[in-house]
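Data first, discussion second: the structure below is written as structure tokens.
Numbering (mature numbering (1 follows the signal peptide of the UniProt record, and there is no 0)), first residue to last: -31 to -1, 1 to 85.
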């Protein structure tokens, strides 16, 4: 009987420790840097566009493919994948991988397609 009690208490301790480890590892979603969009710089490995009205604010794309946007941006950087910026009037600019270039800061960006 003593071995069953010992085994049950060890299983409880192990389950509690595993639950605590999972809770600590996951943390709050806002603490993860990969979920961040706005940044004072273009983060490494991201496709980024700089807000036309504030040279210190960059929007970092967090996913490949379609990214909805609705504002004016004046500069773009591709720290990795190429991407296409589409404006409200139907025109577009392509930013090649590992390059940067100006954007039409007088035209509203409606989408960015990151090519992965």
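Note that CB positions come from ideal geometry on N, CA and C, so glycine has one too.
For the beta strand (DSSP E) that contains residue 33, what are its first and last residues? Here residue 33 is taken as the residue at index 64 of the chain shown, counted from 1. Element bounds for residue 33: n/a, residue is neither H nor E.
Restricting to Cα atoms, I'd like to know which of 43, 41, 68 is closest to residue 51. Here residue 51 refers to the residue found at position 82 when the chain shown is read from its first residue. Nearest C-alpha to residue 51: 68.
Taking the beta strand (DSSP E) that residue 61 belongs to, which residues open and close that run? Within the chain shown, numbered from 1, the residue matching residue 61 stands at position 92. Start and end: 61 to 64.
Where DSSP assigns a beta bridge to residue 26, which residues make up the other side? Numbered from 1 along the chain shown, position 57 holds the residue referred to as residue 26. In the DSSP output, where bridge partners are listed per residue, residue 26 has none listed.
Exposure of residue 2, with buried meaning 16 or more beta-carbon neighbours within 10 Å: Translated into the one-based positions of the chain shown, residue 2 becomes position 33. Here the model assigns residue 2 a pLDDT of 40, short of 50, so the residue's position is not dependable, and the following value carries that caveat. It is exposed - the Cβ of residue 2 has fewer than 16 other Cβ atoms within 10 Å.
Where in the segment 33 to 58 do unbroken runs of the alpha helix (DSSP H), each at least 4 residues long, occur, reported from the N-terminal end onward? With a minimum length of 4 residues, no continuous alpha helix (DSSP H) run stays inside the segment 33 to 58.
Quick check on residue 82: does DSSP put it in helix, strand or coil? Position 113 of the chain shown, counted from the start, is the residue given in the question as residue 82. Three-state result, residue 82: strand.
Restricting to Cα atoms, I'd like to know which of 84, 54, 79, 31 is closest to residue 70. As a working mapping, residue 70 is identified with position 101 in the chain shown. Nearest option by C-alpha distance: 54.
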